[in-house]
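Asks: Structure provided below as structure tokens; questions to follow.
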Amino acid sequence: MTETVPVTGVAQTGRDRVRVMTGLTTHAGQPYLCGPALTCACAPEDNLAMHAALYQAGPGTVLVCDGAGSTRCALFGELMATDALGQGLAGLVVAGPVRDIADIDLLGFPVWCTGTAPGQAAKAAVVSVGLPVVVGGVLVAPGDQVIADRDGIAVVPAAEWPAIQAEVAALAAKEAATRERLAAGERLADINGLDLSRFLPPSR
4 MTETVPVTGV
14 AQTGRDRVRV
24 MTGLTTHAGQ
34 PYLCGPALTC
44 ACAPEDNLAM
54 HAALYQAGPG
64 TVLVCDGAGS
74 TRCALFGELM
84 ATDALGQGLA
94 GLVVAGPVRD
104 IADIDLLGFP
114 VWCTGTAPGQ
124 AAKAAVVSVG
134 LPVVVGGVLV
144 APGDQVIADR
154 DGIAVVPAAE
164 WPAIQAEVAA
174 LAAKEAATRE
184 RLAAGERLAD
194 INGLDLSRFL
204 PPSR
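Residue numbers for the sequence shown follow our numbering, beginning at 4 and rising by one.
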């Protein structure tokens with residue numbers, strides 16, 4: 004990928020073709036990721052499924068993990084982030100906690116999660132790898148495009164992604180033209196065709 008596709012543009016142009024996650028408000032590493040999902044589902048307080056997904060994930064992949072409501076044990080940490088970075092993964096989105104967040108920041112591996120926890124997870128059971136999962140209130144299938152930045156996390160069905168990319172590019176061009184008009188002194192309401200004169204205070 005040669006340029007950043009913002010989540011706001013994806014959500015604005017995609018509308019009902021795009022699903023937006025909620026609740027994954029903790030972030031570590033670089034503030035952007037974009038790539039096709041490789042999904043997994045963990046057993047409670049067990050990250051073997053995450054390890055299995057990481058082991059098979061290819062470059063550019065975003066790991067998307069259902070953490071089974073885990074809160075006490077981290078499902079991902081600095082050593083896993085180092086491995087993922089070395090394999091060229093694009094990032095991680097996990098409905099569960101991570102640890103070593105300061106180290107992940109230094110590495111720059113992009114992570115969105117539900118929080119942090121210092122404990123170590125077990126490695127005994129796998130619910131699934133490569134099957135649809137629900138993360139952040141969104142059903143994610145393997146291959147769905149996942150885009151995350153400081154404004155949120157969006158999921159786009161793989162078949163819709165090329166069209167939405169083109170629509171986001173067109174929106175960006177339109178917004179660039181608007182910025183030029185604002186720089187020239189026009190008002191945003193006038194550019195957008197909003198008649199706000201009735202909201203002005205009465206003249207004396």
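Virtual Cβ for every residue (Gly too), placed ideally from N, Cα, C.
Nothing here was measured: the structure is a model prediction, and the numbers come from that model.
CB-CB under 6 Å to Gly80, same chain, minus the five flanking residues each way: which ones, in chain order?
Replies: Arg102, Asp103
Asks: Cutting at 6 Å between CB atoms, please list the residues of its own chain near Gly140, excluding the five before and the five after it.
Replies: Thr25
Asks: Let me make sure I understand the geometry here. Which of Val132, Asp19, Leu36 has the alpha-carbon closest to that of Ala52?
Replies: Val132
Asks: Whose C-beta lies closer than 7 Å to the C-beta of Ala60 among residues of the same chain, with five residues either side of it excluded?
Replies: Leu41, Leu66, Gln90, Leu92
Asks: How big is the Cα-Cα spacing for Thr5 and Gly111?
Replies: Any reading at Thr5 needs caution, since the residue's pLDDT is 47, under 50, leaving its predicted position unreliable; the model's value is listed next. Those two C-alpha atoms are separated by around 18 Å.
Asks: Please tell me whether Ala84 and Asp106 are closer than 9 Å, where the distance is taken between their beta carbons.
Replies: yes
Asks: Report the start-end ranges of each alpha helix (DSSP H) in the segment 38-117 that is 4 residues or longer and not cut off at the edges.
Replies: 51-59, 81-89, 104-110
Asks: Pick helix, strand or coil for Ala176, following the three-state DSSP scheme.
Replies: helix
Asks: Anyone know if the C-beta pair for Val8 and Ile156 falls short of 9 Å?
Replies: Going by C-beta atoms, Val8 is not nearer than 9 Å to Ile156.
Asks: Tell me the DSSP secondary structure of Val13 in three-state form.
Replies: helix
Asks: What whole-angstrom Cβ distance do Gly38 and Thr11 have, given they're in contact under 8 Å?
Replies: Not confirmed; about 18 Å, so no contact.
Asks: By how many angstroms is the C-alpha of Gln148 removed from the C-alpha of Ala166?
Replies: 12 Å
Asks: Would you list the one or two residues that DSSP bridges to Gln2?
Replies: Residue coverage of the chain in this structure runs from 4 to 207, which leaves residue 2 outside it and unanswerable.
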